[in-house]
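Convert by adding 306 to the 1-based position in the sequence shown; the result is the number in this note's numbering.
By construction, the Cβ of each residue, glycine as well, lies at the ideal position given by its N, Cα and C atoms.
Computed from a prediction, not measured in an experiment: that's the story for all the values here.
Remarks on the structure that follows.
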Amino acid sequence: MASTSTWLHFRGNAEEAFNFYKSVFGGDFVNGITRYSSLTPEKGYPPIAEADKNLVIQVALPILGGHIIKGNDAPEFLGELIKGNNMDINLQPDTRKETERLFKALSAGGKVEMELHEMGDYFGACVDKFGVQWMLQCTAKE
Numbered sequence: 307m308a309s310t311s312t313w314l315h316f317r318g319n320a321e322e323a324f325n326f327y328k329s330v331f332g333g334d335f336v337n338g339i340t341r342y343s344s345l346t347p348e349k350g351y352p353p354i355a356e357a358d359k360n361l362v363i364q365v366a367l368p369i370l371g372g373h374i375i376k377g378n379d380a381p382e383f384l385g386e387l388i389k390g391n392n393m394d395i396n397l398q399p400d401t402r403k404e405t406e407r408l409f410k411a412l413s414a415g416g417k418v419e420m421e422l423h424e425m426g427d428y429f430g431a432c433v434d435k436f437g438v439q440w441m442l443q444c445t446a447k448e
C-alpha cells in the first residue's frame, strides 16, 4: 500500500529526538534504529568515519492516523543542515483534548508560534525543542 511519511534530519541527536517523539505519541520504532555502522562499504564512497558510526541512518515511528515520521543524523560530510525551516508536520487529531495534549507536549521546551484557537478549525502551531515545526488542527467542535 502506498504511504506518505515525513523525513527529519538532525545533526547528531536523531535518537534523542525520536525518543522524545515516542514519549509524545507512544508506539514503537518500525524495525528499531539503524546506525551508520551497519552500512556495507561501497565502491566510490568514502568510508564512514569512526566518530559517525554510532549515528542514526534510519529510524521510523508511526504517529497519528498511520502517518510515519522517519529520520536520521546528517553527518557533516552530507552537507549543511538547515533545521526546522523547510517543512511542517501537520497533525489532525480526532479530539480537542488530544490536540491540546499534543500541542502542550510538542511545544514544551520549544516555541509557540500560534496558540490553539478557532480559525475555521481549532488550530495552532509550534516549534519543538529540536527545531521541528508542527501545525495542529482539529475539526471537532468539542
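Backbone CA spacing between Phe326 and Cys444 [nearest angstrom]: 23 Å
Give the range of the alpha helix (DSSP H) segment to which Val362 is assigned. Element bounds for Val362: not the alpha helix (DSSP H) but the beta strand (DSSP E), Val362 to Pro368.
Please name the residue, chosen from Asp427, Leu384, Glu404 and Phe429, that lies closest to Val254 on a Cα-to-Cα basis. Nothing about residue 254 can be read from this structure; the chain reaches only from 307 to 448.
For His373, collect the residues of the same chain with a Cβ closer than 6 Å to its Cβ; drop the 5 residues on either side in sequence, then sort them by chain order. none
Nearest-angstrom Cα separation, counted from Gly430 out to His423: 6 Å
Do you know offhand how far Ile395's Cα is from Ile388's? 16 Å
Whose CA, out of Leu367, Glu448 and Pro352, lies closest to the CA of Ala320? When each option's Cα is compared against that of Ala320, the closest is Leu367.
Gly416 to Glu382, Cα distance in whole Å? 25 Å
Identify whether Lys447 lies in helix, strand or coil by the three-state DSSP scheme. In the structure shown, Lys447 adopts coil according to DSSP, grouped into three states.
Is it the case that the Cβ atoms of Ile346 and Ile363 are separated by a distance below 8 Å? What sits at residue 346 in the sequence shown is Thr, not Ile. Their beta carbons are not under 8 Å apart, which means Thr346 does not touch Ile363 by this criterion.
Quick check on this structure: which residue in Ser413, Lys447 and Gly437 has the alpha carbon closest to the alpha carbon of Met425? Lys447
Do the CB positions of Leu314 and Ile375 come within less than 8 Å of each other? Yes. Within cutoff.
List in chain order: all unbroken beta strand (DSSP E) runs of 3+ residues lying wholly within the segment 381–437. 394–397, 417–425 and 427–433
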